[in-house]
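Participant: Counting in UniProt numbering, the final residue of the sequence shown is number 600, and the numbers go up one at a time with none missing.
Idealized CB from N, CA, C, for every residue including glycine.
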Amino acid sequence: MATQSLSHVLGVSQSLSGKAWNWRGGNMDLGNALAGSNTQDLGHDILSQLLMTRGVAADDVARHAKPTMRNFLPDPSEFRDMDQAAQRIAQAVLTNEGVTIYGDYDVDGATSAALMVELLRGLGLEAEYYIPDRLLEGYGPSGEALVKLAESGSSLIVTVDCGAMAHEALEMARDAGVDVIVVDHHKCAADLPPTAALVNPNRLDENDLAASHGHLAAVGVAFLLAIALVRTLRSQGFFEQRKEPDLLGLLDLVALGTVADVAALHGLNRAFVSQGLKILARRERVGMAALLDASRLKRAPQASDLGFALGPRINAGGRIGESTLGVRLLTTNDPEEAREIAEQLSALNEERRAIEAEVQEEAEAQLSGQHNMSVQVLSGDGWHPGVIGIVAGRIKEKTGKPSIVIANEVSSGTGKGSGRSISGVDLGAAIIAAREEGLLVAGGGHAMAAGLTISIDKLAAFTEFLDTRLARDVERARVGQSMQLDLSLAPGGLTPDLVTTLETAGPYGVGWPAPRIAVGPVRIVKADIVGTDHLRIIASGDDGRSFKGIAFRAAETEMAQTLLHRSKGRRFHLAGRVKIDDWGPRPAAELHLEDAAFAD
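Next up, the structure:
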């Protein structure tokens, strides 16, 4: 393996997408080293390199190669208010109080709520749950809803994935005499709302160890609270006559919520997802098994399945259907009920896709008028609020800029917005700053995603504020953009064994990117469009080996048009991620193509 080099990978300084190809870390130009050789030792070197280029110290590779809970779990008591929260919930368990779990309507909220409901059920307390309607109530705790829950008999309410900025609502709850515990991960202001406890690693007054876990999803924070609660009850002798709940059995919920909420998959989150996938594969949770069946997943699920198959179905309930469907599915013990809910969520997900496509088309039509803006702020009357977050993500991918999509409600004069950011640009902090400037009715979030409510007449001022505040950050982030590659090799090195080696350094996601490889030089044997806009190719190398490749939603790109119509007599380098294609008689490696460059 060569030593680190600052040269471009395969000499590509400008690809067909206009990017330079750079090494993510050390130079791993393997050439023909993988073809037909014993790859065990080389595979160990590849694994170590993958981990180190993702921030792992050389002497810490073994711990990260197999991320276990034992090696990454912090003491929950390190987090502010954690012990107070555990003690207050323990009191509710011991006295059989009325408790309601108040969750957000997305996957993180649904899994967090399901985790708390399942935990309390295992402790002998049947807690209620409340998920607000996205359209009628919006994000976060409603003061009116909290008061009604108190009047209905709940003396303790635990909000999950919301509440950190709900000052007015929590003041109403306090005045109504109900205790509220907030379990959240969104950005906090210095002034915290009144609560019995507020557990959030992103509190501004957190210690360094807790703050280093600011990348946790709310469901991860809820799991730490579960550990603290069981420990508190154990110290009080609660389990002398009762079996302790299986906390590790909750990790399937933690894995789903973490990946679907696009939380960074490093440190503790990698351990959560790695172990949670093992729980998922056992299909012991009735609702999860039904969800896997509805997603037509027969093999053991992978991290990508949580984000692209399971998560969107849970989300569909909160986006365009009934907000409680996700929690109902994840907490039911009735296989028939689970099957019916999973099928309903799949149908809603298909409906969501159609609505999303319509909103995206209208949003993209506005882009030409914002080509000089650092942040894309797009709005439309009558757009469905349930899909704006997805569309914002699509616009971000298309433009390479932070994007906010706002659904205007003309009758009320307000709009609901959702934003997605790029690495290096903290959108959540900017939204909070805009709210403090009086430009928003409400708003908050984290670095990569945020939500807001705005008066339509302040839209122009808000757009200008964001553009001014984030212009420099966006410029720095975009200048630094390049195609980051982990290794390059000849076509003969694209084997199932290579895929297995690369997967060993997973699970992959935000903050822990899946390995990207460069392969070439190759000639394009065949290129065509499949589906509506996917490019499919067959490429052959100088070593006589050929492989298949596919580029999703890429038909109109410069890369696709070149490979389709201008590839004759030319050789190319290709870049992307390698996956297993198991449709044929035997598994083969397939390249999920992301970029290409001329090799001659």
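1. Buried or exposed: which applies to H186, given that a residue is buried once 16 or more other Cβ atoms fall within 10 Å of its Cβ?
2. Does R352 pass the burial test, meaning 16 or more other C-beta atoms within 10 Å, or should it be called exposed?
3. Let me make sure I understand the geometry here. Which of V375, A90 and H384 has the alpha-carbon closest to that of E358?
4. Give the secondary structure of L564 by DSSP, where H, G and I count as helix, E and B as strand, and everything else as coil.
5. So, with DSSP's three-state summary, where would you put L119?
6. Comparing alpha-carbon positions, which option in R203, V93 and D108 lies nearest T232?
7. Comparing alpha-carbon positions, which option in A599, A551, K568 and F547 lies nearest E590?
8. Could you have a look at D161 and say whether DSSP puts it in helix, strand or coil?
9. I'd like to check one pair, D133 with D161: are the Cβ atoms closer than 8 Å?
10. In three-state terms, what does DSSP make of D59?
11. With a CB to CB cut of under 6 Å and the five nearest residues on each side skipped, what residues in its chain are close to G138?
12. Have a look at residue 602 and R476 and give me their C-alpha separation to the nearest angstrom.
13. If contact is defined by three or more beta carbon pairs under 8 Å, each pair taking one atom from either stretch, is the stretch 370-377 in contact with the stretch 334-341?
14. Since G393 contacts R420 with CB under 8 Å, what's their CB separation in whole angstroms?
15. With DSSP collapsed to three states, give me the class of F223.
16. Which term fits N349, buried or exposed, when burial requires 16 or more other beta carbons within 10 angstroms of its beta carbon?
17. Taking the continuous beta strand (DSSP E) assigned at S540, which residues delimit it?
18. Any idea what DSSP makes of R570, helix, strand or coil?
19. Going by alpha carbons, who is nearest to P194 out of K526, N207, V180 and E361?
20. Starting from the Cα of N408, find the closest Cα among S423, G386 and K396 and give me that residue.
21. Under three-state DSSP, which class holds V578?
22. Is H213 buried or exposed, if buried means 16 or more other CB atoms sit within 10 Å of its CB?
23. Measuring alpha carbon to alpha carbon, tell me which residue in K579, D600, A575 and P587 is nearest L20.
24. Do L563 and A527 have their beta-carbon atoms positioned less than 8 Å apart in this structure?
25. Can you give, in chain order, each stretch of the beta strand (DSSP E) that sits fully within the stretch 320-394 and has at least 3 residues?
26. Taking C-alpha atoms, which residue in N315, D497, L146 and V578 lies nearest to Y105?
27. Can you list, in chain order, the residues of its chain with a C-beta nearer than 7 Å to that of V269? Leave out the 5 residues immediately preceding and following it.
28. Just to confirm, are A415 and S379 a CB contact at a threshold of 8 Å?
29. Where does V405 fall in DSSP's three states?
30. Would you identify the three-state DSSP class for N71, choosing helix, strand or coil?
31. Report the rounded CA-to-CA distance for D533 versus A294, giving the unit in angstroms.
32. Using three-state DSSP, classify V183 as helix, strand or coil.
33. With contact counted as at least three CB pairs below 8 Å, one residue from each stretch, are the stretch 45-62 and the stretch 22-32 in contact?
34. Specify the secondary structure class of P496 as computed by DSSP and reduced to three states.
35. Ends of the beta strand (DSSP E) at R523?
36. Between which two residues does the beta strand (DSSP E) carrying A197 extend?
Facilitator: By the coordinates alone:
1. buried
2. buried
3. H384
4. helix
5. helix
6. V93
7. F547
8. coil
9. no
10. helix
11. none
12. As displayed, the chain neither begins before 1 nor continues past 600, which places residue 602 out of reach and without an answer.
13. no
14. 4 Å
15. helix
16. buried
17. H534 to G541
18. coil
19. V180
20. G386
21. strand
22. buried
23. The question names Leu, but residue 20 in the sequence shown is Ala. Out of K579, D600, A575 and P587, A575 has the C-alpha closest to the C-alpha of A20.
24. yes
25. 376-381
26. N315
27. As written in the sequence, residue 269 is Asn, which differs from the Val given in the question. Excluding residues within five positions, the ones whose Cβ falls inside 7 Å are H215, L216, G220, T258 and A263.
28. Reading off the sequence, residue 415 comes out as Gly, not Ala. Yes, they are a contact pair.
29. strand
30. helix
31. 25 Å
32. strand
33. yes
34. helix
35. I517 to V530
36. A197 to V199
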